[in-house]
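Engineer: Those protein sequences? They're chains A and B, same order as listed.
Residue numbering for the first sequence follows full-length UniProt numbering, starting at 1 and increasing by one per position.
Residue numbering for the second sequence follows full-length UniProt numbering, starting at 1 and increasing by one per position.
For reference, the structure I am asking about is given below.
Protein chains: 2
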Amino acid sequence: MTLTPTRHDKTIATVCLSGTLDDKLVAAAHAGFDGIELFEPDLVSSTSSPAEVRKRCEELGLDIVLYQPFRDLDSTDPAQFERNLVRLDRKFDVMAELGVDLILVCSNASADAVADMDDLATQLRAAGELAERRGMRIAYEALAWGRRIDLWQQSWDAVRRADHAAVGLCLDSFHILSRSSTITELGEVPGDKIFFLQLADAPHKDMDVLQWSRHYRLFPGEGAFDLVEFTAAVLGAGYRGPLSLEVFNDVFRQSAPVRTAIDAVRSLGALEAGLDDALPRQRFEAAFVEMSVTPTNLASAEHALSALGFTQSATHRSKRVTAWTQSDATILVTVTTDAPEDDSSAIAAIAFDAEDPTGFAASAEGLNVSALPRVVRPGEADLPAVAAPDGVSIFFVSTAGDDLDWRRDFEPVPPTDVATSAGITGIDHVSVTAPYDRYDECVLFYRSVLGMRTDEVAEYPGPYGLVRSHLLRAPHPSGFGVALDGPLLRRGKWTPGVQTPQHIAFLTDDILGTLSALPADAPVLRIPDNYYVDLQARLDLTDEFVNRIRRLNVLYDRNADGEYLHAYTTVIGSQVYFEIVERRGDYRGRPLADAPVRMAAHVAARRGMART
Amino acid sequence: MTLTPTRHDKTIATVCLSGTLDDKLVAAAHAGFDGIELFEPDLVSSTSSPAEVRKRCEELGLDIVLYQPFRDLDSTDPAQFERNLVRLDRKFDVMAELGVDLILVCSNASADAVADMDDLATQLRAAGELAERRGMRIAYEALAWGRRIDLWQQSWDAVRRADHAAVGLCLDSFHILSRSSTITELGEVPGDKIFFLQLADAPHKDMDVLQWSRHYRLFPGEGAFDLVEFTAAVLGAGYRGPLSLEVFNDVFRQSAPVRTAIDAVRSLGALEAGLDDALPRQRFEAAFVEMSVTPTNLASAEHALSALGFTQSATHRSKRVTAWTQSDATILVTVTTDAPEDDSSAIAAIAFDAEDPTGFAASAEGLNVSALPRVVRPGEADLPAVAAPDGVSIFFVSTAGDDLDWRRDFEPVPPTDVATSAGITGIDHVSVTAPYDRYDECVLFYRSVLGMRTDEVAEYPGPYGLVRSHLLRAPHPSGFGVALDGPLLRRGKWTPGVQTPQHIAFLTDDILGTLSALPADAPVLRIPDNYYVDLQARLDLTDEFVNRIRRLNVLYDRNADGEYLHAYTTVIGSQVYFEIVERRGDYRGRPLADAPVRMAAHVAARRGMART
């Protein structure tokens, strides 16, 4: 990528946001967008006239850059085409009042669509002549489900043949990438014929492309498409208009619009950074994970850590925080009295030991992530921190002995000579429940602010409903993971499980040794016998091995790349538990088929029904 | 249909219900199921041993009729097939402990699936021999996404060739109807070779069949398949086992299981009634719709009705209820002081004037719909009533002057000589918001208890999210409609709109006359000018016509069958409003593209921003 850093105008289609038109305009302006695409139904249902909308946008500092969509322009029936031109002319009236000169015309999806490319070009040219007379321009777009024109190359062919100054292309990343179209031919398109660029990401879905487009689009960086490569190609072809988002998403349609708009502008900021090759590339390791507990949960948290072989290694100089360490794993336990519920425990923070902690924080701020205010006492380290959308605080720290070395605030506890290690070597990942409305925002946050990469996207059934899971990992060599889990559908009143489970997964090189070394009162989660009976039926395992892991309550999975052995503790307080993991070979992701077993076991443990 | 009424055993797969295995068993027993299909993952994650599950089922009066599923039995690799037989044998161990002798083996969906029909039959026969030695039987099922076997006819070919007493068919309505397979050849299958029948309905979806099956299945009578025809064909072929539900549904997976189980058993009751041709076939008309208002809303409700041309025709002899009438439309207005919120208004009841009101109520009770308890004073009519799952009470009444004539409880108000009619002739439909977890249950209720038919299923965008809509209508000549509207996704905290809108749509033969006749202070909802500008651009309408409907705030739609003109009132209290409808020609359904305009106009009216 050799583009010089350019600041592009950022715009958003009103359909991306929830609310009335005014709600949407306020949200877009608040988030810092330069302008909007006006989605026609938002205007039609608005009580404000086009002139009033224009004035409102001016007040808010928003350009109206596109009016959209205009459907079914071409027709095999000449009389119908004439009526369509009249309809277009009426829309030009509205656009003149709005002060916008560009309209999106999408390829005809009806039975009436024109198939002959010369006829289509002739009709486009006639529309271009009308537009020119009105001082307007037409951006023609191939819908992925267009009847005759469903590839961008066809839309370009039509525009090229129409050969009219007022007729150009609209390129939409979804319509192109959902069809796996090549974009190499973009080099043949003169930059000034690309009138508009709409950007949307999407998850992989094996479904009808129209439904996929209308319900599941995401902001760039939240899905599975490579928007950086795509946008670079369009810019490389000479496009100089705004980077504009057009995202139809069922969740965004009903989420608070200001929050969605901030997420949206962050996605374009991250895309720009990607274009400039300026996304964070720092190596970082987890310095610590901070767990908050209420005074009533402190003893069980300390008992669990201690039983798992952790040693209290330091205490905070001024706060009620203790550090527990085992090899490369450090857990801070903070006693809090302002928990939302009395019995609450939570993963409060993750601290990353980075080469340039302040640089990390600065680039986060550049992505519209607010720095967290902190109360720092004289002499204490003022650690840069930001809030992840999942509610976890992210600290950027050093272990270089400088001002950002978090250890400065702690007083070491003299080591005892009792060897307590259970063989835990570090932290594999942290799993948090992403809030339903912010799931995709969380994915973008970890990808853009921390430069993490998706390792696995999956869905699995729990006793109380389906769960979606997205595992992100830090760049090598750290590989530190954050797993976002959350209900596939927003939960209702029937929610007997742990609402927002969180856990810390510790690594060991020898889980059987680790589990064997634990004291008898370690709060290991009891796994039902049925699991082992099924495991042995499914996999070719020796009786000896199965009996051994059964005694230790270790779960097991195997795939072509390797093996994954793991065990859990019971839940500490209301939502946090620990996992101990041994990976053998190159097993990636997590053994999600074990998740329902773990969940049901946690339910049984909570109900006191576990047969111990 | 000439089957004699037979009472079939009713069973349900545990995967249909939310919760741990014990939650599911309790719910199935409570709803009155005779037995269960045990879904293997529910057993694997259970802390109860198979023997304990068997005992628990015995306590609850539940038979375990099927163990399922067993996947990937056949293999192109003989050594792998041998291992698969060992795996099967281990499952037989578990089944012996459970006390179940039938296992579902589904067609192989992996790359290893056997294509040659003779080879497959040989392997099935080998499995049958193993089963016979263990006293077990195998029900072989074609998955709609099986690699080699994906049609029931192929599975029957394999079973026929396997030619083993312990190997029979499992027929699953979803796998068959989703593929639009014919079932006429079922007559060739000996009844005793159909070992099991799984029933599931589903909505029409244009998507990957695996995803459709795993997320969107419904109970019979809730979707778009004809389960009565299908089941009759299977019974006609001689199948004598239970009617068993296997429904994978994202919402049911996370809804209270007792409620879901009752819905499920109702679906089988309605299916049996359909098989016996015993579903309600009565003609009925809407006698009245009852609206409850708080004392503070009474005046605005009365004002609205009065302004729309209704006359107070009667008052209740003992309660604070007044009847308002115009031609065939009667609205009861009940003042309530126990509304959930102070400002609440609601559609409390719909009364149907039926030939045999008590027969209606009795068949409802046969479908596990509880009768509503009523406080009846001496001399008052004791009207049979049931609760619809959407919270509306359904009364079955007469107008024959007998004990069930609801008018007995009312004292007529002497008519005044002022002619007030605005030309409203009756009630077209009532629209209610179906609770998210009970949407499909509502559909089944109106179809099975009242014999209503689906007129239109659709989705439309509102300012605060997507809405799904299902319009049901009574048999001719009444055609009375109930529209179930509800959010496509469960709403979160951003919910500035009316949460659970409800409305009553009145019919007129001349909406322009009706609207023109209304007094100046009638609470007609102001429709924005933008709507009319767009309407005129879209449709070939004269300026005169558009100006006229614009002045009257009438919305307009046209399709190939006819026209639909309609207007709305503002919201009375917190959630109820009225619609006035004129249908021209054979326009079916509702003009849902107008819905977002109506919603935004209601928001504007509520915010006092309407430009009047």
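Ideal Cβ placement from N, Cα and C applies to all residues, glycine included.
Just so we're clear, the structure is a prediction, and the values are computed from it rather than from any experiment.
Distance, Cα to Cα, residue 289 of chain B vs residue 300 of chain A?
Structural biologist: For this step, residue 289 of chain B is matched to residue 289 along the second sequence. For this step, residue 300 of chain A is matched to residue 300 along the first sequence. Rounded to whole angstroms, residue 289 of chain B to residue 300 of chain A spans 59 Å at the Cα level.
Engineer: In three-state DSSP terms, what is residue 179 of chain A?
Structural biologist: Indexing the first sequence from 1 puts residue 179 of chain A at position 179. Residue 179 of chain A falls in the coil class under three-state DSSP.
Engineer: Smallest Cα separation from residue 189 of chain B: which of B/144, B/51, B/233?
Structural biologist: For the purposes of this step, residue 189 of chain B is taken as the residue at position 189 of the second sequence. Of the candidates B/144, B/51, B/233, the one whose C-alpha sits nearest the C-alpha of residue 189 of chain B is B/233.
Engineer: Does any CB atom of chain B fall closer than 8 Å to the CB of residue 95 of chain A?
Structural biologist: Counting from one through the first sequence, the residue named residue 95 of chain A turns up at place 95. No, its Cβ sits nowhere closer than 8 Å to a Cβ of chain B.
Engineer: If we require 3 or more residues per run, which beta strand (DSSP E) segments fall completely within the segment 71 to 152 of chain B?
Structural biologist: 102 to 106, 137 to 141
Engineer: Buried or exposed, going by whether 16 or more other CB atoms sit within 10 Å of the CB of residue 401 of chain A?
Structural biologist: Numbered from its first residue, the first sequence carries residue 401 of chain A at position 401. Exposed, by the Cβ-count rule.
Engineer: Taking 8 Å as the limit between beta carbons, can you name the residues of its chain near residue 21 of chain B, skipping five residues before and five after?
Structural biologist: Working through the second sequence from its first residue, we reach residue 21 of chain B at position 21. Once the five neighbours on either side are set aside, the close Cβ partners of residue 21 of chain B are 14, 42, 43, 45, 46, 48, 53.
Engineer: State the DSSP-derived secondary structure class of residue 628 of chain B, mapped to helix, strand or coil.
Structural biologist: Only positions 1 to 612 of chain B appear in this structure, which leaves residue 628 of chain B out of reach.
Engineer: Using 8 Å as the Cβ pair cut-off and three pairs as the minimum, do the segment 302 to 319 of chain A and the segment 352 to 370 of chain A touch?
Structural biologist: Between the segment 302 to 319 of chain A and the segment 352 to 370 of chain A, the count of C-beta pairs closer than 8 Å stays below three; the two stretches do not touch.
Engineer: For residue 126 of chain B, tell me which candidate among B/75, B/227, B/216, B/448 has the shortest Cα-Cα distance.
Structural biologist: Here residue 126 of chain B refers to the residue found at position 126 of the second sequence. Each of B/75, B/227, B/216, B/448 was checked against the Cα of residue 126 of chain B, and the nearest Cα belongs to B/75.
Engineer: Please list, in chain order, all residues of the same chain as residue 154 of chain A whose beta carbon is under 7 Å from its beta carbon, the five residues on each side excluded.
Structural biologist: By 1-based counting over the first sequence, the position of residue 154 of chain A is 154. Correct list, in chain order: 142.
Engineer: I want to see whether chain A comes within less than 8 Å of residue 55 of chain B, judged by CB atoms only; does it?
Structural biologist: Counted from its first residue, the second sequence places residue 55 of chain B at position 55. By this cut-off, residue 55 of chain B is not an interface position.
Engineer: So if I threshold CB-CB distances at 9 Å, which residues from the segment 476 to 503 of chain A count as touching chain B?
Structural biologist: 487, 488, 489, 490, 491, 492, 493, 494, 495, 496
Engineer: List, in order along the chain, the chain A residues whose C-beta lies closer than 7 Å to that of residue 43 of chain B?
Structural biologist: Against the second sequence, residue 43 of chain B aligns to sequence position 43. Result: 530.
Engineer: In whole angstroms, give me the CA-to-CA distance for residue 4 of chain B and residue 265 of chain B.
Structural biologist: Taking the second sequence and counting its residues from 1, one reaches residue 4 of chain B at position 4. Taking the second sequence and counting its residues from 1, one reaches residue 265 of chain B at position 265. Since pLDDT at residue 4 of chain B reaches only 47, below the 50 mark, its modelled position is unreliable, and the value read off the structure follows with that caveat. Taking the straight line from one Cα to the other gives about 21 Å.
Engineer: When you compare each of B/179, B/239, B/243 to residue 225 of chain B by their alpha carbons, which one comes out closest?
Structural biologist: Residue 225 of chain B sits at position 225 when you count from the first residue of the second sequence. Of the candidates B/179, B/239, B/243, the one whose C-alpha sits nearest the C-alpha of residue 225 of chain B is B/179.
Engineer: Taking CB distances under 8 Å as the criterion, tell me whether residue 217 of chain A reaches chain B.
Structural biologist: Mapped onto the first sequence, residue 217 of chain A falls at position 217. Answer no: the Cβ-Cβ gap between residue 217 of chain A and chain B never drops below 8 Å.
Engineer: From the DSSP output, in three-state form, read off residue 297 of chain A for me.
Structural biologist: On the first sequence, residue 297 of chain A is found 297 positions in, with the first residue counted as 1. Helix, per DSSP.
Engineer: Closer than 8 Å, CB to CB, is residue 25 of chain B near chain A or not?
Structural biologist: Your numbering for residue 25 of chain B matches position 25 in the second sequence. No, residue 25 of chain B lies away from the interface with chain A (no Cβ there is under 8 Å from its Cβ).
Engineer: Return the chain-ordered list of same chain residues with a C-beta closer than 6 Å to the C-beta of residue 566 of chain A, the five sequence neighbours on each side being excluded.
Structural biologist: Start at 1 with the first residue of the first sequence, and residue 566 of chain A comes out as number 566. If we look at residue 566 of chain A and ignore the five residues flanking it on each side, its Cβ neighbours are 555, 579, 581.
Engineer: To the nearest angstrom, how far is it from the Cα of residue 353 of chain A to the Cα of residue 284 of chain A?
Structural biologist: Position 353 of the first sequence, counted from the start, is the residue given in the question as residue 353 of chain A. Position 284 of the first sequence, counted from the start, is the residue given in the question as residue 284 of chain A. When rounded, the distance between both Cα atoms is 5 Å.
Engineer: Within 8 Å (strictly less), CB to CB, does residue 436 of chain A reach chain B?
Structural biologist: Numbered from its first residue, the first sequence carries residue 436 of chain A at position 436. Output row for residue 436 of chain A: interface = yes.
Engineer: Let me confirm a value: residue 133 of chain B is counted as buried when at least 16 other C-beta atoms fall within 10 Å, else exposed. Which label applies?
Structural biologist: What you label residue 133 of chain B is simply residue 133 of the second sequence in a count that begins at 1. It counts as exposed.
Engineer: In three-state DSSP terms, what is residue 264 of chain B?
Structural biologist: Walking along the second sequence from the start, residue 264 of chain B turns up at place 264. Residue state, collapsed to three classes: helix.
Engineer: Exposed or buried, which one is residue 612 of chain A when buried takes at least 16 other CB atoms within 10 Å?
Structural biologist: In the first sequence, the residue the question calls residue 612 of chain A occupies position 612. In this prediction, residue 612 of chain A scores a pLDDT of 40, lower than 50, which makes its location untrustworthy; no coordinate-derived value is stated.
Engineer: Let me check one thing: in DSSP terms, what residues is residue 585 of chain B bridge-paired to?
Structural biologist: As a position in the second sequence, residue 585 of chain B is number 585, starting the count at 1. Residue 585 of chain B pairs with B/562.
Engineer: Report the three-state DSSP secondary structure of residue 610 of chain A (helix, strand or coil).
Structural biologist: As a working mapping, residue 610 of chain A is identified with position 610 in the first sequence. Confidence in residue 610 of chain A is poor, its pLDDT being 43 and thus under 50, which makes the residue's placement too unreliable to answer from.
Engineer: Based on the DSSP secondary-structure assignment, which residues constitute the bridge partners of residue 351 of chain B?
Structural biologist: Translated into the one-based positions of the second sequence, residue 351 of chain B becomes position 351. B/288, B/395, per the DSSP bridge assignment.
Engineer: Within the continuous beta strand (DSSP E) that includes residue 572 of chain A, where are the two ends?
Structural biologist: Here residue 572 of chain A refers to the residue found at position 572 of the first sequence. Unbroken run through residue 572 of chain A: none, as it is neither H nor E.
Engineer: So is residue 565 of chain B in contact with chain A if we call contact Cβ pairs under 8 Å?
Structural biologist: Sequence index remark: in the second sequence, residue 565 of chain B carries index 565 (1-based). Residue 565 of chain B does not count as touching chain A.
Engineer: Does any residue of chain A bring its CB to less than 8 Å from the CB of residue 255 of chain B?
Structural biologist: As a position in the second sequence, residue 255 of chain B is number 255, starting the count at 1. Interface residue, yes.
Engineer: In angstroms, rounded to a whole number, what distance separates the CA positions of residue 476 of chain B and residue 172 of chain A?
Structural biologist: In the second sequence, residue 476 of chain B corresponds to position 476, counting from 1. In the first sequence, residue 172 of chain A corresponds to position 172, counting from 1. Approximately 48 Å between the Cα atoms of the pair.
Engineer: Does the beta carbon of residue 319 of chain B sit closer than 8 Å to a beta carbon anywhere in chain A?
Structural biologist: To locate residue 319 of chain B, count along the second sequence from 1; it is residue 319. Closer than 8 Å: no.
Engineer: Along chain B, which residues have their Cβ under 7 Å away from the Cβ of residue 91 of chain A?
Structural biologist: Position 91 of the first sequence, counted from the start, is the residue given in the question as residue 91 of chain A. The contacting residues are 537.
Engineer: Any idea what DSSP makes of residue 324 of chain A, helix, strand or coil?
Structural biologist: As a first step, residue 324 of chain A must be located in the first sequence, where it is residue number 324. Three-state result, residue 324 of chain A: strand.
Engineer: Secondary structure at residue 468 of chain B, three-state DSSP: helix, strand or coil?
Structural biologist: The residue labelled residue 468 of chain B in the question sits at position 468 within the second sequence. DSSP places residue 468 of chain B in strand when its eight states are reduced to three.
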